Amino acid sequence: MIFTSLSLLPQLVLMLAALVLLTSFALLSQARLVSAIHVFAWQGALVAAVTVVVAMTSHSHHLYFSGALTLLLKALLIPWMLHRLTRRLELDRHVESLGRPALTMMAAVALVVFSYWLVLPMIQQEQIFTRNIIAISLAVLLIGLLTMVFRQQAVIQVLGFMSMENGLFLAAVSATSGMPMVVELGVAFDVLVAMVLFGVFFFQIRESIDSLDVDRLNRLTETLEDGK
Amino acid sequence: MDHFLNAGPWGLALLQALLYAALGPLLVGWIRKVKARLQNRRGAPIIQPYRDLWKLFAKEARVAHTASPVFRSAPYIVFVATWLAAATIPLVATNLPTAAIADLIALVGLLALARFFLALAGMDVGTAFGGMGASREMLVSALAEPAMLVAVFTLAMTAHSTNLASVVDYHLNSGLVLRPSFLFALGGLLLVALAETGRIPVDNPATHLELTMIHEAMLLEYSGRHLGMMEWAAQIKLVLYGTLIVNIFFPWGIAQSLTPVALGVALAAIVIKLLILGAALAVGETVLAKMRLFRAPAFLNLSLLLSLLGLLSHIILEVGA
């Protein structure tokens, strides 16, 4: 593919997809909880923008609806719910220090290379930029997983989970110009319900271990007795 | 101007190099003025840096007893290396004879040479501040240089050349293309430029009394014309990075032919672009606070990450066949 042979709209799709990848990196490394929620909101807005631009290039009108739905749900509603949760859990000034930021970043870069290597054997679809965006979506998905593995804070793990969903959605939009509306609605409400359930879980976890640092779940209570 | 036009392209190349030396203090004066206005001060006139240089060159240069010849020769080496590096970057025209040496890797090498002698001079006299400044400068540059090289490779891969003039020409001829890799490379280069020119999140150019200074700490022992050379070199370095950024990423207006009209337009365009960049820098420096020295590696890691993402998005999104 010659990049300059594309018209401006597909170029814009690629640009926005690259920015989604950047927000994934930001989510992985952001130490402040509130800023991480903002980054997640931006990622949702960018995915919505990709959806709208793909709708404009492929003239598929139902994609406008899923774009609006994404914007509403992932850029506004879920970040707002998380914001409210962190305030109620008194975590809005929470700062988590990363263990080895440079190493984590390099792992994420390696994941990007790995996902490109994975999609290389795929055959080009009708839309010329499809395969390369699948590489980006796969990278977003894997970095979301990496966020869940590397970070100890439960709220950020939920953000990682949600950004995995963003990666899947990006792949669906760019590769097949969107899923059927019923599936999309179903997934959207699943995510919303998951969010509500996570909220309940946060309170449960905090009640039992007095913190949202999930590393503490690994410790046995007997260790306290040993110290005596 | 006519005289130089008659002298042919070499005369123009010389004029461009002189323009770098002349624009340096002006850009610094402009940034200081905008910063002063943003802080509700009137500020010194824009030509104040010229007066400072004039004053420094008129004064006697004192050298410490313990100084070796390295200390005396360093200002000239630093100045010449920086100026030579600047002269290779197309400022107003792309097809000058100096374009042949306008290589991105040579540029990074010349800047590294200047930095090496600056650090040597900082350590030469044996004061505590000089050594501290030199060690910090090396910490920052060791992290900034890979980021800059990766960003530069992204540009070079797009244009299939490491020659700056052909990179600019390629970008001009391909028209408006939204390249994700250029966006990331721009971000990476901006952060590197902030770190390398000692601007606010990494170093504070306005301080002489804090334990946190980097660049100023190395110059503490200098006086007179030596100090003048060093300060002038730092100002040229600022114009160098500014021109590198605006002419590569926003090359519109630069002259591709050596006619007086095209050159006049190019001169006006580069001055306007640098004024806008300087104003943006002043706003950034007013809004941001200087970060702790130990946060600087995280800042430069970010720039390396941006450059790497630029390289990856170039390979994945732009070439991937």
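Protein chains in written order, with our numbering: chain P, 1 to 228; chain S, 1 to 321. Glycine included, every Cβ here is placed at the ideal spot set by N, Cα and C. In this text the structure is predicted, and so the values were computed from the model without any measurement.
Any C-beta of chain P under 9 Å from that of residue i
| i | result |
| --- | --- |
| valine 177 of chain S | yes |
| glutamate 318 of chain S | yes |
| asparagine 301 of chain S | yes |
| isoleucine 248 of chain S | no |
| leucine 183 of chain S | yes |
| leucine 305 of chain S | yes |
| tryptophan 46 of chain S | The amino acid at residue 46 of chain S is misidentified as tryptophan; the sequence shows isoleucine. Chain P contact via Cβ: absent. |
| alanine 147 of chain S | no |
| isoleucine 315 of chain S | yes |
| leucine 308 of chain S | yes |
| proline 25 of chain S | no |
| leucine 312 of chain S | yes |
| alanine 87 of chain S | no |
| alanine 156 of chain S | no |
| proline 201 of chain S | no |
| alanine 298 of chain S | yes |
Pairwise C-alpha distance: residue j and residue i
| i | j | result |
| --- | --- | --- |
| proline 297 of chain S | glutamine 256 of chain S | 40 Å |
| valine 50 of chain P | proline 251 of chain S | 28 Å |
| valine 319 of chain S | leucine 9 of chain P | 18 Å |
| serine 223 of chain S | leucine 23 of chain S | 23 Å |
| isoleucine 143 of chain P | leucine 76 of chain P | 22 Å |
| arginine 199 of chain S | leucine 304 of chain S | 18 Å |
| alanine 195 of chain S | alanine 234 of chain S | 13 Å |
| alanine 289 of chain S | valine 108 of chain S | 28 Å |
| leucine 91 of chain P | serine 307 of chain S | 33 Å |
| leucine 219 of chain S | proline 205 of chain S | 12 Å |
| alanine 279 of chain S | isoleucine 245 of chain S | 15 Å |
| proline 9 of chain S | serine 177 of chain P | 54 Å |
| alanine 61 of chain S | valine 113 of chain P | 55 Å |
| arginine 225 of chain S | leucine 56 of chain S | 6 Å |
| histidine 171 of chain S | histidine 160 of chain S | 11 Å |
| leucine 21 of chain P | alanine 139 of chain P | 7 Å |
| valine 155 of chain P | valine 34 of chain P | 10 Å |
| threonine 130 of chain P | valine 192 of chain S | 33 Å |
| asparagine 218 of chain P | phenylalanine 161 of chain P | 21 Å |
| glutamine 43 of chain P | proline 25 of chain S | 42 Å |
| alanine 108 of chain P | serine 115 of chain P | 11 Å |
With 16 other Cβ atoms within 10 Å as the buried cut-off, status of residue i
| i | result |
| --- | --- |
| asparagine 130 of chain S | One point to set straight first is that residue 130 of chain S is glycine, not asparagine, in the sequence displayed. It counts as buried. |
| serine 97 of chain P | exposed |
| proline 180 of chain S | buried |
| glutamine 39 of chain S | exposed |
| histidine 124 of chain S | Note that residue 124 of chain S corresponds to aspartate in the displayed sequence, not to histidine. Label assigned to aspartate 124 of chain S: buried. |
| threonine 66 of chain S | exposed |
| arginine 216 of chain P | exposed |
| glutamine 204 of chain P | exposed |
| serine 68 of chain S | exposed |
| glutamate 362 of chain S | Examination of residue 362 of chain S is not possible in this model, given that chain S is present from 1 through 321 alone. |
| asparagine 247 of chain S | buried |
| proline 90 of chain S | buried |
Whether residue i touches residue j by CB criterion (9 Å)
| i | j | result |
| --- | --- | --- |
| leucine 82 of chain P | leucine 145 of chain P | no |
| isoleucine 276 of chain S | valine 92 of chain S | no |
| methionine 229 of chain S | leucine 118 of chain S | no |
| valine 183 of chain P | phenylalanine 169 of chain P | no |
| threonine 82 of chain S | alanine 114 of chain S | yes |
| asparagine 173 of chain S | aspartate 103 of chain S | no |
| valine 13 of chain P | isoleucine 133 of chain P | yes |
| methionine 106 of chain P | phenylalanine 25 of chain P | no |
| proline 79 of chain P | alanine 41 of chain P | yes |
| alanine 185 of chain S | leucine 300 of chain S | no |
| serine 174 of chain P | valine 54 of chain P | yes |
| glycine 99 of chain P | phenylalanine 150 of chain P | yes |
N- and C-terminal bounds of the alpha helix (DSSP H) containing residue i
| i | result |
| --- | --- |
| tryptophan 42 of chain P | 33 to 58 |
| tryptophan 252 of chain S | No alpha helix (DSSP H) contains tryptophan 252 of chain S, which DSSP labels as neither H nor E. |
| tyrosine 116 of chain P | 101 to 119 |
| leucine 14 of chain P | 8 to 29 |
| proline 69 of chain S | 69 to 88 |
| methionine 164 of chain P | 154 to 176 |
| methionine 148 of chain S | 128 to 159 |
| alanine 22 of chain S | 9 to 38 |
| serine 97 of chain P | Where serine 97 of chain P is concerned, there is no enclosing alpha helix (DSSP H), given that its DSSP letter is neither H nor E. |
Minimum Cβ-Cβ distance from residue i to chain S less than 9 Å
| i | result |
| --- | --- |
| isoleucine 133 of chain P | yes |
| lysine 228 of chain P | The predicted model places lysine 228 of chain P with a pLDDT of 43, which falls under 50 and marks its position as unreliable, so this point remains unresolved. |
| valine 47 of chain P | no |
| leucine 77 of chain P | no |
| glutamine 11 of chain P | yes |
| phenylalanine 150 of chain P | no |
| valine 109 of chain P | yes |
| methionine 56 of chain P | no |
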